[in-house]
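Take a look at the structure below.
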Amino acid sequence: MHAIICQTSANPSLFSAEGFVGLIFLLTIGLIITGALVATCARRLVRSIAGLALCFTGVAGIYYFLLAPFVAMMQMLIYVGAVSILIAFAIMMATPEEGDLPSRRISALAGPLGFATGSLIFAALALLGTRTNWQVFPREGSADMKHIGTILLTGHSLVFELISIVLLIAIIGALVLARRGRN
Amino acid sequence: MNAITWATFEPLLPEMLLVCTGLVLIGLDLFAEKTREVLPWLTVLGCVTVLGMVLGERNVSAFGGMFLTDSYGVFFKVISLLSVIMATLMGEHYRRVHGLRHGEYYALMVFAATGMLIMASAGDLMVLYLGLELMALSVYCLVGMNKREAVSAEAAIKYFLMGVFASAIMLFGMSLVYGLTGSTSIAEIARFTARTGLAENPALLAALGLMIAAFCFKVAVAPFHFWTPDVYEGAPTMVTAFMSVGPKAAGFAVFGRVLVSGFPELQPHWGSLLAILALLTMAVGNITALVQTSIKRMLAYSAIAHAGYSLLGVLAGTADGLSATMSYLLIYGFMNMGAFAILVLLSSRGAHHESLDDYRGLAKNHPLAAVLMLIFMFSLTGIPPTAGFIGKFYLLRAALGAGYTGTVIGAVIFSAISAYFYLRVVRNMYMSEPEGELDFSYSPGISAVLGLALLGVVGLGLLPGTIIGRAASALLGQ
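From first to last, the protein sequence lines are chains A and B. Using our numbering, you'd call the opening residue of the first sequence number 1 and step up by one each time. Using our numbering, you'd call the opening residue of the second sequence number 184 and step up by one each time.
The following block contains the structure:
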């Protein structure tokens with residue numbers, strides 16, 4: 001697939017191999033943007049979560065395009081399959097008041113200012129992304145599971161152990177904050 | 184791919200001991216309710232042991248340069264551990280007065296310390312980020328400890344939301360750097376940039392800008408300081424004291440390490456950017472502090488102002504500058520902890536006594552507390568016999584040496600302005616009549632904090648200042 005992406009000509013036909021891959025890429029991007037929009041704009045929490053799961057699926061697609069199928073699979077398993085479902089369960093158990101979120105008074109300037117700042121950042125990053133001469137580095141090893149496992153337990157063992165401690169703290173912290181006080 | 188043996192993990196022993204201390208604290212809190220009284224002392228014991236181990240660390244680079252136990256890191260580790268020890272001792276007093284029975288307070292404190300130690304030693308962006316998250320997650324929870332108080336919960340959620348946003352911005356910057364240089368190792372990034380002449384690449388500048396913005400958030404530099412007053416005011420006082428010293432020092436540790444060893448070629452760019460930010464930070468912190476009526480909020484703005492002073496050493500980008508920032512953060516740790524300890528001491532169950540008016544006539548009824556507060560306020564202002572003066576002197580000298588004359592002039596002016604609000608506390612204590620009766624007693628914990636802080640402020644001030652300066656420069660040169 002790598003070869004296909006690299007050889008993409010200026011205006012491929014939709015029915016050629018590269019044209020079809022390009023279409024799927026655009027679909028993936030669309031999935032991410034739609035998901036993110038739904039997640040932020042929905043007025044009901046359940047819909048936000050559905051948007052979030054959609055967004056995660058799109059990100060998994062990007063990983064696949066980056067030639068990291070293992071990471072893509074993990075993204076589907078962990079984020080779409082576990083994290084989103086967990087949040088959904090948490091919402092069901094907490095039984096939030098259904099209905100619209102209370103509308104808050106926001107300054108009239110907040111919307112336009114936020115939009116302007118966002119567009120400015122977007123434009124700057126888009127310019128950087130297209131104008132910069134990105135150097136392509138040679139790949140180190142293969143992206144298969146065996147290689148990833150070896151790296152995690154040798155050169156990157158410190159990172160691997162640290163992540164487990166961060167997760168431990170997250171669990172303890174969640175318990176501390178969510179549980180009723182003992183006093 | 185070297186095999187992993189025990190020897191590989193040896194440089195990590197202090198951090199591992201800290202994690203074990205945290206786990207023991209949680210276990211004791213859960214299963215041995217009777218032992219709650221000893222939890223703070225156990226925390227202090229663990230931290231002091233780790234402090235001893237840290238001081239004995241040799242200069243090694245472990246995990247292929249991901250973890251560096253150099254003297255730069257050791258210095259920041261000492262500051263972080265001191266802040267945890269002092270905050271734990273304050274917690275001991277708080278528990279007596281307010282009946283706080285959260286064993287997790289000490290465990291989270293210890294885990295935050297682990298994160299700070301890892302940040303100080305990080306030689307790789309991945310390790311740096313994980314250390315930062317380890318610290319930040321613990322501190323988010325500490326801020327929200329008092330679940331019954333709305334302000335505490337509000338502070339926690341504000342800090343959390345802003346914090347994850349800053350983390351995301353930092354990760355974006357880091358990923359751009361990785362994409363441009365092909366490495367996450369800080370030393371390798373510098374080598375690659377020098378070899379390929381990447382320094383003028385706008386994408387690299389943008390990446391660095393994103394990372395600087397996130398670091399500025401972590402150490403509360405304007406214009407990324409908006410969370411600070413609310414969070415510092417809402418958090419329990421000993422957590423505020425801890426946040427203003429430990430995590431800030433750890434933030435400066437990564438700030439200095441990434442900029443000075445990762446992007447030395449870009450110093451003209453980030454040097455002048457930080458000079459502007461430092462000036463802005465000192466202005467915002469000192470001028471806003473003038474109108475505060477709550478001492479806790481005033482100290483929050485003062486913490487912002489002091490972040491501005493500390494930046495003066497980093498922006499110089501020299502060994503002298505970094506050592507000035509390092510010694511200033513140590514001194515600031517002592518004087519700020521001292522001032523917050525007085526706040527904790529004066530608070531009683533149900534009333535915090537944090538307003539400026541509560542300090543009226545304090546000298547009449549409680550001369551000892553008033554004298555201590557006077558010394559800490561003098562030191563925060565930077566009045567000569569105290570350590571605060573020495574620290575500021577070295578910072579200004581370093582920035583002047585690097586040619587940032589305008590910023591230094593600004594720093595001196597804002598320093599003079601700060602005298603007004605620090606000395607207003609002193610005036611209230613000594614020149615007003617007492618309004619109400621304050622009732623408090625010295626517990627062993629708070630006495631120990633006040634003793635330590637006094638020793639630091641007076642000791643570091645009376646000792647010839649060059650000792651700190653020389654020690655820090657020698658440390659850097661190792």
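Heads up, the beta-carbon is just placed ideally off N, CA and C, and yes, glycines get one too.
Subject >> Spatially closest choice to B:Gly544 from B:Arg610, B:Tyr492, B:Leu555, B:Ile525, by CA coordinates >> reply: Numbered from 1 along the second sequence, position 361 holds the residue referred to as residue 544 of chain B. Out of B:Arg610, B:Tyr492, B:Leu555, B:Ile525, B:Arg610 has the C-alpha closest to the C-alpha of B:Gly544.
Worksheet item: Just by C-beta distance, which residues in the region 203–227 of chain B are closer than 8 Å to chain A?
Response: Taking a C-beta cut-off of 8 Å against chain A, the contacting residues of the region 203–227 of chain B are Ile209, listed in chain order.
Distance between B:Thr464 and B:Ala458 (C-alpha atoms, nearest Å): As a first step, residue 458 of chain B must be located in the second sequence, where it is residue number 275. As a first step, residue 464 of chain B must be located in the second sequence, where it is residue number 281. Looking at the two C-alpha atoms, the distance is approximately 10 Å.
Go to B:Pro447, then tell me how far its alpha helix (DSSP H) extends in each direction, as first and last residue.
-> Walking along the second sequence from the start, residue 447 of chain B turns up at place 264. Here B:Pro447 belongs to no alpha helix (DSSP H), and DSSP marks it neither H nor E.
Let me confirm a value: B:Glu316 is counted as buried when at least 16 other C-beta atoms fall within 10 Å, else exposed. Which label applies? Taking the second sequence and counting its residues from 1, one reaches residue 316 of chain B at position 133. B:Glu316 is buried by the Cβ-count criterion.
Subject >> Buried versus exposed call for A:His2 [16 or more other C-beta atoms within 10 Å across all chains shown] >> reply: As a first step, residue 2 of chain A is located in the first sequence; it is residue number 2 there, counting from the start. Note that A:His2 has pLDDT 45, beneath the 50 cutoff, so the model's placement of it is unreliable and no number is given.
B:Ala474, buried or exposed, once every other Cβ within 10 Å from all chains shown has been counted against 16: One-based indexing of the second sequence puts residue 474 of chain B at position 291. For clarity, residue 474 of chain B is Val in the given sequence; the question names Ala instead. So B:Val474 ends up on the exposed side.
Collapsed DSSP secondary structure at A:Ser255 in the structure displayed:
Only positions 1 to 183 of chain A appear in this structure, which leaves residue 255 of chain A out of reach.
| query | What is the C-beta distance between B:His536 and B:Leu621, in whole angstroms, given that I count them as a contact (C-beta under 8 Å)? | reply | Taking the second sequence and counting its residues from 1, one reaches residue 536 of chain B at position 353. Taking the second sequence and counting its residues from 1, one reaches residue 621 of chain B at position 438. Indeed, because the Cβ distance is near 7 Å, the residues count as touching under 8 Å.
Point to revise | Neighbour-count burial assignment, A:Ala116, 16 or more Cβ in a 10 Å radius | key: Taking the first residue of the first sequence as position 1, residue 116 of chain A is located at position 116. Per the 10 Å Cβ criterion, exposed.
Does the beta-carbon of A:Asp144 have 16 or more other beta-carbons within 10 angstroms, so that it is buried, or is it exposed?
-> Here residue 144 of chain A refers to the residue found at position 144 when the first sequence is read from its first residue. Exposed.
Practice problem: Would you kindly work out how many angstroms separate the C-alpha atoms of B:Pro197 and A:Ile106, rounded to a whole number? | Solution: Position 14 of the second sequence holds residue 197 of chain B. Position 106 of the first sequence holds residue 106 of chain A. Near 49 Å, if we compare the C-alpha coordinates of A:Ile106 and B:Pro197.
Check your understanding: Just curious, the alpha helix (DSSP H) that A:Ile62 is in, first and last residue?
Key -> Within the first sequence, numbered from 1, the residue matching residue 62 of chain A stands at position 62. Unbroken alpha helix (DSSP H) run through A:Ile62: 45–65.
Run down chain A in chain order and give the residues with a C-beta less than 8 Å from the C-beta of B:Ser455. Start at 1 with the first residue of the second sequence, and residue 455 of chain B comes out as number 272. Within chain A, no residue comes near B:Ser455; the closest Cβ sits about 20 Å away, beyond 8 Å.
message = Within 8 Å, do at least three Cβ pairs link the region 278–290 of chain B to the region 339–350 of chain B?
response = no
Using a beta-carbon distance cut-off of less than 9 Å, what residues from the region 148–173 of chain A approach chain B? Thr150, Ile151, Leu153, Thr154, Gly155, His156, Ser157, Leu158, Val159, Glu161, Leu162, Ile163, Ile165, Val166, Leu168, Ile169, Ala170, Ile172, Gly173
Could you say which of A:Leu45, A:Ala110, A:Ser48, A:Phe65 lies nearest to A:Glu18 if we only look at CA atoms?
Indexing the first sequence from 1 puts residue 18 of chain A at position 18. When only C-alpha atoms are compared, the closest one is A:Phe65.
Is B:Tyr484 closer than 7 Å to B:Thr471 when the C-beta atoms are compared?
-> Residue numbering aside, residue 471 of chain B sits at position 288 when the second sequence is read from its first letter. Residue numbering aside, residue 484 of chain B sits at position 301 when the second sequence is read from its first letter. Yes.
_Quick check: the Cα distance between B:Val310 and B:Val554, rounded to an integer number of angstroms?_
Residue numbering aside, residue 310 of chain B sits at position 127 when the second sequence is read from its first letter. Residue numbering aside, residue 554 of chain B sits at position 371 when the second sequence is read from its first letter. Distance between the alpha carbons of B:Val310 and B:Val554: 44 Å.
Tell me B:Ser538's beta-bridge partners as DSSP assigns them.
The count along the second sequence starts at 1 and reaches residue 538 of chain B at position 355. Beta-bridge pairing links B:Ser538 to B:Ser477.
* Asked: Does the distance from the CB of B:Gly429 to the CB of B:Ser335 come in under 7 Å?
  -> Numbered from 1 along the second sequence, position 246 holds the residue referred to as residue 429 of chain B. Numbered from 1 along the second sequence, position 152 holds the residue referred to as residue 335 of chain B. Cβ atoms of B:Gly429 and B:Ser335: not closer than 7 Å.
**Prompt:** chain B partners of A:Phe115, CB-CB under 9 Å?
**Reply:** Taking the first residue of the first sequence as 1, we reach residue 115 of chain A at position 115. Residues of chain B passing the Cβ test: none, with the nearest at roughly 18 Å.
Inset, instruction - Check each residue of the region 236–250 of chain B: if its Cβ is closer than 8 Å to any Cβ of chain A, include it; give the result in chain order. - result: When CB distances to chain A are screened at a threshold of 8 Å, the residues of the region 236–250 of chain B falling below it are Ala245, Phe246, Gly247, Met249, Phe250, in chain order.
Point to revise | the region 443–461 of chain B touching the region 582–598 of chain B, judged by at least three CB pairs closer than 8 Å | key: yes
*asked:* Assuming contact is defined by CB atoms lying nearer than 7 Å, are A:Leu218 and A:Ser84 in contact in what I supplied?
replied: Any property of residue 218 of chain A remains undetermined from this structure, which presents chain A solely from 1 to 183.
Name the DSSP beta bridge partners of B:Ala245, please? Here residue 245 of chain B is taken as the residue at index 62 of the second sequence, counted from 1. Partner(s): B:Phe250.
Opening and closing residue of the alpha helix (DSSP H) in which B:Lys217 lies:
By 1-based counting over the second sequence, the position of residue 217 of chain B is 34. That residue, B:Lys217, is in no alpha helix (DSSP H); it is neither H nor E in DSSP.
**OP:** Express the C-alpha separation of B:Leu449 and B:Thr271 in angstroms, rounding to a whole number.
**Re:** Translated into the one-based positions of the second sequence, residue 271 of chain B becomes position 88. Translated into the one-based positions of the second sequence, residue 449 of chain B becomes position 266. Between B:Thr271 and B:Leu449, the C-alpha separation is close to 40 Å.
Item to check | Listed by chain order, chain B residues near A:Phe137 by CB distance under 7 Å | outcome: Counting from 1 along the first sequence, the entry for residue 137 of chain A is found at position 137. Within 7 Å Cβ-Cβ: Gly365.
>> Distance check for A:Ser48 and A:Ala42, CA to CA, integer angstroms please.
In response: On the first sequence, position 42 is the one that residue 42 of chain A refers to. On the first sequence, position 48 is the one that residue 48 of chain A refers to. Distance between the alpha carbons of A:Ala42 and A:Ser48: 6 Å.
* **Span of the alpha helix (DSSP H) around A:His147** => One-based indexing of the first sequence puts residue 147 of chain A at position 147. Element bounds for A:His147: 145–153.
**Message:** So B:Leu313 and A:Val166 are supposed to be a Cβ contact under 8 Å. How far apart are they, rounded?
**Reply:** Position 130 of the second sequence holds residue 313 of chain B. Position 166 of the first sequence holds residue 166 of chain A. Rounded, the Cβ-Cβ distance is 6 Å, consistent with contact.
Q | Residues near A:Ile5 by beta carbon distance below 7 Å, same chain, minus five either side | A | The residue you call residue 5 of chain A lines up with position 5 of the first sequence. At A:Ile5, the pLDDT of 47 sits below 50, so the modelled position is not reliable and the matter cannot be decided from this model.
task = Please list the partners that B:Pro294 has in chain A, where partner means a Cβ-to-Cβ separation under 7 Å.
result = The residue given as residue 294 of chain B occupies position 111 in the second sequence. Checking the displayed sequence, the identity of residue 294 of chain B turns out to be Phe instead of Pro. By Cβ distance, chain A contributes Ile169.
query: Secondary structure at A:Ala108, three-state DSSP: helix, strand or coil?
result: Here residue 108 of chain A is taken as the residue at index 108 of the first sequence, counted from 1. Annotated three-state conformation of A:Ala108 is coil, per DSSP.
Take B:Pro194 as the anchor and find which of B:Ala215, B:Thr252, B:Cys203 has the nearest alpha-carbon. Here residue 194 of chain B is taken as the residue at index 11 of the second sequence, counted from 1. Closest by alpha carbon: B:Thr252.
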